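Written out below as C-alpha cells is the structure these notes cover.
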Ligand code: ZN
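In this note's numbering, the protein residues as written are 2 to 193.
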C-alpha cells in the first residue's frame, strides 16, 4: 500500500464531478489497489474521510473512518472503516445542525456550515455489495462532506458566512469549546 499525495484546493480535479465506477472496474486490481492506497493515505493524514478526487482520480469512491482518539477530530464519534462506491445520498427530513469542518485538501482552514442531521445513503462496498443505511449527526456530516467531493464541491461552498473561516490554531483557541459543547448535545440528541 502507498500513501498518495493529496491534491489541494486550486487543483481542477477537485472541482470536476467524478464518474461512476463500473462493476468490472470495481472488481479489477487497479481500483482495488486505489482503495487500499486511499485507506492508507487517509490514515497517514489522520483524516476522517478521503474521496478519490483528492488523490487525483475522478471516480465515485470515498473511504471514511474515525478511530478513537483521532488527533485531528478528537470529538468525532468513531466510525468503522467504510468504503463507499457510487453513493447516492438523500436528506431525510429538513433538520440541519451547525457544524465546523476542515478538509485535507484545504490545509489549515476550518469553517462553520450547516449539514443535514439525517441522511439515507445507498452505496456499493468494495466487493460490489449494495448497502442502504441511515447516518445521523456528525457521521451524517462526514458522509455529506465526502459525497460532496465526488460532485466537485468543497465545504467552503456550503458556508453561509465566511467570517467563521479560521486556521486550526485559532479554532482551538476561540471556537473549539463552544463547538464541542454543541456537538456533544447533538450526539446526545440524534446519536451518531
Ligand atoms: Zn474534504
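The beta carbon of each residue, even a glycine, is placed where N, CA and C say it ideally should be. Nothing here was measured: the structure is a model prediction, and the numbers come from that model.
ask   = Exposed or buried, what is residue 86 when buried is set at 16 or more other beta-carbons lying within 10 Å of its beta-carbon?
value = In the chain shown, the residue the question calls residue 86 occupies position 85. Looking at its Cβ environment, which holds 16 or more other Cβ atoms inside 10 Å, residue 86 is buried.
task = For the beta strand (DSSP E) holding residue 52, just list the boundary residues, first then last.
result = On the chain shown, position 51 is the one that residue 52 refers to. Its beta strand (DSSP E) spans residues 50–52.
ask   = Would you say residue 222 and residue 156 are within 9 Å of each other, going by their C-beta atoms?
value = One cannot answer for residue 222 here, as it falls past the ends of the chain, which runs 2 to 193.
query = For residue 47, which residues of its own chain have a beta-carbon under 7 Å away from its beta-carbon, when the five flanking residues on both sides are left out?
reply = One-based indexing of the chain shown puts residue 47 at position 46. Around residue 47: 71, 72, 73.
Residues near the ligand ZN, criterion Cβ-heavy atom distance below 6 Å = Counting only residues whose CB is nearer than 6 Å to a non-hydrogen atom of the ligand ZN, the list in chain order is 104, 105, 106, 146, 150.
Contacts around residue 129, its chain only, beta-carbon distance under 7 Å, and the 5 residues preceding and following it disregarded = The sequence position of residue 129 within the chain shown is 128, counting from 1. Hits under 7 Å: 24, 27, 28.
query = Going by the CB atoms, is the gap between residue 62 and residue 82 shorter than 9 Å?
reply = On the chain shown, position 81 is the one that residue 82 refers to. On the chain shown, position 61 is the one that residue 62 refers to. No.
ask   = Hey, residue 56 and residue 111: beta-carbon distance below 9 Å or not?
value = Locating residue 56 in the chain shown gives position 55, where the first residue counts as 1. Locating residue 111 in the chain shown gives position 110, where the first residue counts as 1. Contact flag unset, no.
key: Sequence-distant residues of its chain with Cβ nearer than 6 Å to residue 168 (five each side left out)   = In the chain shown, counting from the first residue as 1, residue 168 sits at position 167. Excluding sequence neighbours, residue 168 sits near 109.
query = Among 151, 120, 176, 51, which one has its Cα closest to the Cα of residue 192?
reply = As a position in the chain shown, residue 192 is number 191, starting the count at 1. The candidate whose alpha carbon is nearest that of residue 192 is 120.
inquiry  = Am I right that residue 75 and residue 150 are in contact with their C-beta atoms under 8 Å? What's the rounded C-beta distance?
reply    = Locating residue 75 in the chain shown gives position 74, where the first residue counts as 1. Locating residue 150 in the chain shown gives position 149, where the first residue counts as 1. Residue 75 to residue 150, Cβ: 23 Å. No contact.
message = So residue 22 and residue 60 are supposed to be a Cβ contact under 8 Å. How far apart are they, rounded?
response = Residue numbering aside, residue 22 sits at position 21 when the chain shown is read from its first letter. Residue numbering aside, residue 60 sits at position 59 when the chain shown is read from its first letter. Contact flag correct, Cβ pair sits at about 5 Å.
task = Would you list, in sequence order, the uninterrupted beta strand (DSSP E) runs of no fewer than 3 residues that lie entirely inside the region 36–106?
result = The region 36–106 contains these whole beta strand (DSSP E) runs: 50–52, 62–67, 80–92, 97–104.
query = Taking C-beta to C-beta, are residue 146 and residue 183 nearer than 9 Å?
reply = What you label residue 146 is simply residue 145 of the chain shown in a count that begins at 1. What you label residue 183 is simply residue 182 of the chain shown in a count that begins at 1. Between residue 146 and residue 183, the C-beta gap is not smaller than 9 Å, which leaves the two residues out of contact.
ask   = With respect to the beta strand (DSSP E) encompassing residue 137, which residues constitute its N-terminal and C-terminal limits?
value = Taking the chain shown and counting its residues from 1, one reaches residue 137 at position 136. 131–137 is the span of the beta strand (DSSP E), which, as asked, contains residue 137.
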